[in-house]
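Below, the structure is given as structure tokens:
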């Protein structure tokens, strides 16, 4: 084939991500921009409601930094006061509060809104989904952002990519997991789609708030729990009461975090403050990823020194959970056209990226590093 | 051991990265900050000199975006005009031009300054080094930034992390590489430490500027060349004249890119513009990583369709090159105390992160993805 016409074809239509790339960039660089002149005497005071406990390490702290950066960049014209979950409103009401304009801005993760928008989960994490590098690429440059903004628009919200937990761990268990049989009857604290996969494997997915997990695990109300990674998990003390710490977090390989802003309020801002908020989101994304990489590596070393028994799920178990995940996602996309639309883009990007990842990052971790 | 005192000990001294973390954060969030009041009538016009050809896809284009973002965020108070290499000054004079204040700001990659500062290479890429996720973590949150700023300070420059090429490919070859013997006598265009490794393996490392590589490869002046990844390499047309495209880029697993600003000029800026520049660097980092991930995956698919013969270096070859790399780095750190100091931090972080990566990202690419 003539090379030029092929490239043109490829750029126009070879993949879903290519199609939406140009539109997506417009959206990213300037959502709802106005050409308003900046009135430097005008000050804004915003409240940021978050889904994290107040000053929660790295995630809540990152939101505090976000507010500082915006304050610095705007020369004090946009002051954001950050609230932990439960301080101004309950954590999981953040979406509604910003949607209604009660608060101007929020920080959380899109899977918390699965009850309202099932498809939102693809913009946080789905089991056997993408890692941080991939989900950032899909959302920011591969067509994801346009779909995300479409999903949130009916709620008067504009989402921004603003953090990632990086890879998480598989959780704490009191028995070895050698086959899918070991999950039968298991009571595990695990939220979201991961929980539905555990149920399909014959276990029970229990929901409990962060503050109750330790006691529930200690008293045998639950047999297992996932949380985040070595840094946060160590602070929860799970290594004191559970026998095994399993990797990897098959249910959260790199959970994207979000800032969401009330769209009317955002659009009424002068253009410079809009651009400042967008850059602060990117800086927050980088901050959380780099802090978590360092802290998780440090606390894993501490756990090793303390003799925590760290295991990796057998490939057989991972393969079985992956097959069950496909069933769960199939049901979800059968029922909900929006989920089907988003998943088509997610899946196309993941498939396209797999060959590239296999040639590079996979070889890096296996043979270079 | 008492848990609290252990954590304290770990936080204070268990790793080099932990030691420098706090200092590092200070430096990152506010290098040379002043508490100057912003004079909104004052305008700044800067020139950015870059090491990239004018409007070079993604890298040069990213610099153009950087200038747009700064313009938007500053409400037009800081205008940056971006020059490709050779437009205002030759590409590799960017460092000196900003050091002397001839230009205010530059963009490139730290290994271009290896002649002046051998240790700078650790802040770009060294063979068998870190990937994008790791190098970002080490520099931004693991103590690297403090060392980098120390290295550039005598040159009146402040470096910022501002981009990453992600994983690169191993290059284009006209014969199969089945063992280290196949590198003997090979004339390969490959710069930097990677070139020294090829020479130690019995090949010749040839330097040629981007514009000459195609012709040199076609005419047999060189037998092989590396460049970047599928996206940029396809545009160079190497697939038309070389037989094999090898992965992975063992010499550049995730090359960090930089903004560098004249320190006196930076310190004379009002504080809001300083913070704006810093956030724009983070946004540029994310932009380059996500664009490259998407475009490389797309162009790899195009190459597959066009029948490009894509190979992976045998593990035996990678292991041999890794051993030679250790010798090259040993020589470098023996000769240069600054390189020894930076490498100690680099190596300690890499060693600490390896266990975490093996448990998570490695399993992700092998069994989850």
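Chains as they are written, first to last, in our numbering: chain D, 147 to 515; chain L, 147 to 515. Cβ atoms here follow ideal geometry from the backbone N, Cα and C, with glycine treated the same way.
(1) Quick one: using the 10 Å Cβ neighbour count with 16 as the cut-off for buried, is residue 262 of chain L buried or exposed?
(2) Threshold first: 3 residues or longer. Then list the beta strand (DSSP E) segments lying entirely within the segment 466-500 of chain L, N to C.
(3) Answer with buried or exposed for residue 496 of chain L, where buried requires no fewer than 16 other C-beta atoms within 10 angstroms of its C-beta.
(4) So does the segment 317-337 of chain L actually touch the segment 463-474 of chain L, counting three or more Cβ pairs closer than 8 Å?
(5) Cβ of residue 452 of chain D within 8 Å of Cβ of residue 314 of chain D?
(6) State yes or no: is the C-beta of residue 194 of chain D nearer than 7 Å to some heavy atom of the ligand HEM?
(7) Terminal residues of the continuous beta strand (DSSP E) containing residue 307 of chain D?
(8) Please state whether DSSP places residue 186 of chain L in a helix, a strand or coil.
(9) Listed in chain order, which residues of the segment 228-247 of chain D have Cβ atoms closer than 9 Å to some Cβ of chain L?
(10) For residue 274 of chain L, name the three-state secondary structure that DSSP assigns.
(11) What three-state label does DSSP hand residue 515 of chain L in the structure shown?
(12) Could you tell me whether the segment 295-307 of chain L touches the segment 396-412 of chain L, where touching means 3 or more Cβ pairs closer than 8 Å?
(13) Short of 9 Å Cβ to Cβ, which residues in the segment 417-439 of chain D face chain L?
(14) Using CA coordinates, which residue listed in L:353, L:425, L:449, L:435 is at the minimum distance from residue 376 of chain L?
(15) Just how far apart, CA to CA, sit residue 180 of chain D and residue 214 of chain L?
(16) Are the C-beta atoms of residue 394 of chain D and some chain L residue less than 8 Å apart?
(17) Do you know offhand how far residue 161 of chain D's Cα is from residue 493 of chain D's?
(18) Cβ closer than 7 Å: which chain D residues qualify as neighbours of residue 254 of chain L?
(19) Please give the ranges of any beta strand (DSSP E) in the segment 362-394 of chain L, keeping only runs that are unbroken, at least 3 residues long and fully inside the region.
(20) At what residues does the beta strand (DSSP E) containing residue 315 of chain D begin and finish?
(21) Would you report the Cα separation of residue 273 of chain L and residue 187 of chain D, rounded to the nearest angstrom?
(22) If contacts are defined as beta-carbon pairs under 8 Å, then residue 392 of chain D and residue 457 of chain D qualify, I think. What distance do you get, rounded to the angstrom?
(23) Hey, could you find the ends of the alpha helix (DSSP H) residue 244 of chain L is sitting in?
(24) In this structure, does DSSP put residue 124 of chain L in helix, strand or coil?
(25) Does the distance from the CB of residue 387 of chain D to the CB of residue 334 of chain D come in under 8 Å?
(26) Counting only the same chain and skipping the five closest in sequence on each side, list residues whose C-beta sits under 8 Å from that of residue 174 of chain D.
(27) With a threshold of 8 Å between beta-carbons, can residue 311 of chain D be considered close to chain L, or not?
(28) Closer than 7 Å by beta-carbon distance: list the chain D residues that pair up with residue 192 of chain L, in chain order.
(29) Go ahead and pull the three-state DSSP assignment for residue 207 of chain L.
(30) For the segment 490-507 of chain D, which residues have a CB atom closer than 7 Å to at least one CB atom of chain L, in sequence order?
(31) Exposed or buried, which one is residue 348 of chain L when buried takes at least 16 other CB atoms within 10 Å?
(32) Let me know the secondary structure DSSP gives residue 198 of chain L once reduced to three states.
(33) Chain L partners of residue 509 of chain D, CB-CB under 7 Å?
(34) Using the Cβ count rule (16 or more neighbours within 10 Å means buried), how would you classify residue 278 of chain L?
(35) Give the DSSP bridge partners of residue 407 of chain D, in chain order.
(36) Over the uninterrupted alpha helix (DSSP H) stretch that includes residue 333 of chain D, give me the two end residues.
Let me lay it out:
(1) On the second chain, residue 262 of chain L is found 116 positions in, with the first residue counted as 1. Residue 262 of chain L comes out exposed.
(2) None, since the segment 466-500 of chain L contains no complete beta strand (DSSP E) of that length.
(3) Residue numbering aside, residue 496 of chain L sits at position 350 when the second chain is read from its first letter. That one is buried.
(4) The segment 317-337 of chain L is in contact with the segment 463-474 of chain L.
(5) Position 306 of the first chain, counted from the first residue, corresponds to residue 452 of chain D. Position 168 of the first chain, counted from the first residue, corresponds to residue 314 of chain D. No.
(6) For the structure depicted, the ligand HEM is absent and the ligand set is empty, with no information on it obtainable.
(7) Stepping through the first chain from its first residue, residue 307 of chain D is reached at position 161. Taken as a continuous stretch (DSSP letters only), the beta strand (DSSP E) holding residue 307 of chain D covers 303-310.
(8) What you label residue 186 of chain L is simply residue 40 of the second chain in a count that begins at 1. Coil, per DSSP.
(9) The residues in question: there are none.
(10) Counting from 1 along the second chain, the entry for residue 274 of chain L is found at position 128. If DSSP states are grouped into helix, strand and coil, residue 274 of chain L belongs with coil.
(11) For this step, residue 515 of chain L is matched to residue 369 along the second chain. In this structure, residue 515 of chain L counts as coil in the three-state DSSP scheme.
(12) They touch, by the three-pair rule.
(13) Flagged, chain order: 417, 418, 419, 420, 421, 422, 424, 425, 426, 427, 428, 429, 430, 431, 432, 433, 435, 436, 437, 438, 439.
(14) Taking the first residue of the second chain as position 1, residue 376 of chain L is located at position 230. Residue L:449 is the option with its Cα nearest to residue 376 of chain L.
(15) As a position in the first chain, residue 180 of chain D is number 34, starting the count at 1. As a position in the second chain, residue 214 of chain L is number 68, starting the count at 1. Model confidence at residue 180 of chain D stands at a pLDDT of 46, short of 50, so the residue's coordinates are unreliable and nothing is read from them.
(16) By 1-based counting over the first chain, the position of residue 394 of chain D is 248. Between residue 394 of chain D and chain L, the shortest Cβ-Cβ separation is below 8 Å.
(17) Within the first chain, the letter at position 15 stands for residue 161 of chain D. Within the first chain, the letter at position 347 stands for residue 493 of chain D. Below a pLDDT of 50, predicted positions are generally treated as unreliable, and residue 161 of chain D, at 34, falls in that range; no measurement from the model is reported.
(18) Locating residue 254 of chain L in the second chain gives position 108, where the first residue counts as 1. In chain order: nothing, as chain D lies at least about 20 Å away.
(19) DSSP runs (the beta strand (DSSP E)) wholly in the segment 362-394 of chain L: 390-393.
(20) For the purposes of this step, residue 315 of chain D is identified with residue 169 of the first chain, where counting begins at 1. Run containing residue 315 of chain D: none; DSSP gives neither H nor E here.
(21) For the purposes of this step, residue 273 of chain L is identified with residue 127 of the second chain, where counting begins at 1. For the purposes of this step, residue 187 of chain D is identified with residue 41 of the first chain, where counting begins at 1. Residue 273 of chain L and residue 187 of chain D have their alpha carbons spaced roughly 52 Å apart.
(22) Here the question's residue 392 of chain D lines up with position 246 in the first chain. Here the question's residue 457 of chain D lines up with position 311 in the first chain. Confirmed, Cβ separation roughly 5 Å.
(23) Taking the second chain and counting its residues from 1, one reaches residue 244 of chain L at position 98. Under the DSSP assignment, residue 244 of chain L falls in the alpha helix (DSSP H) whose first and last residues are 240-245.
(24) The structure shown has nothing for residue 124 of chain L, since chain L only spans 147 to 515.
(25) Numbered from 1 along the first chain, position 241 holds the residue referred to as residue 387 of chain D. Numbered from 1 along the first chain, position 188 holds the residue referred to as residue 334 of chain D. The Cβ atoms of residue 387 of chain D and residue 334 of chain D do not sit closer than 8 Å to each other.
(26) For the purposes of this step, residue 174 of chain D is taken as the residue at position 28 of the first chain. With a pLDDT of 37 at residue 174 of chain D, under the threshold of 50, the modelled position of this residue cannot be trusted, and the question is left open.
(27) On the first chain, residue 311 of chain D is found 165 positions in, with the first residue counted as 1. With 8 Å as the cut-off, residue 311 of chain D does not count as an interface residue toward chain L.
(28) Here residue 192 of chain L refers to the residue found at position 46 of the second chain. Simply none; closest approach about 17 Å.
(29) Within the second chain, numbered from 1, the residue matching residue 207 of chain L stands at position 61. For residue 207 of chain L, the secondary structure class from DSSP, reduced to helix, strand or coil, is helix.
(30) Against chain L - using a Cβ distance shorter than 7 Å - the residues of the segment 490-507 of chain D are 498, 499, 500, 501, 502, 503, 505, 506, 507.
(31) Position 202 of the second chain, counting from 1, holds the residue named residue 348 of chain L. It counts as exposed.
(32) One-based indexing of the second chain puts residue 198 of chain L at position 52. Here DSSP, grouped into helix, strand and coil, assigns residue 198 of chain L to coil.
(33) One-based indexing of the first chain puts residue 509 of chain D at position 363. The contacting residues are 393, 394, 458.
(34) Mapped onto the second chain, residue 278 of chain L falls at position 132. By the Cβ neighbour-count rule, residue 278 of chain L is buried, with 16 or more other Cβ atoms within 10 Å of its own.
(35) In the first chain, counting from the first residue as 1, residue 407 of chain D sits at position 261. Answer by DSSP bridge pairing, in chain order: D:251, D:304.
(36) In the first chain, residue 333 of chain D corresponds to position 187, counting from 1. According to the DSSP assignment, residue 333 of chain D belongs to no alpha helix (DSSP H) but to the beta strand (DSSP E) extending over 333-335.
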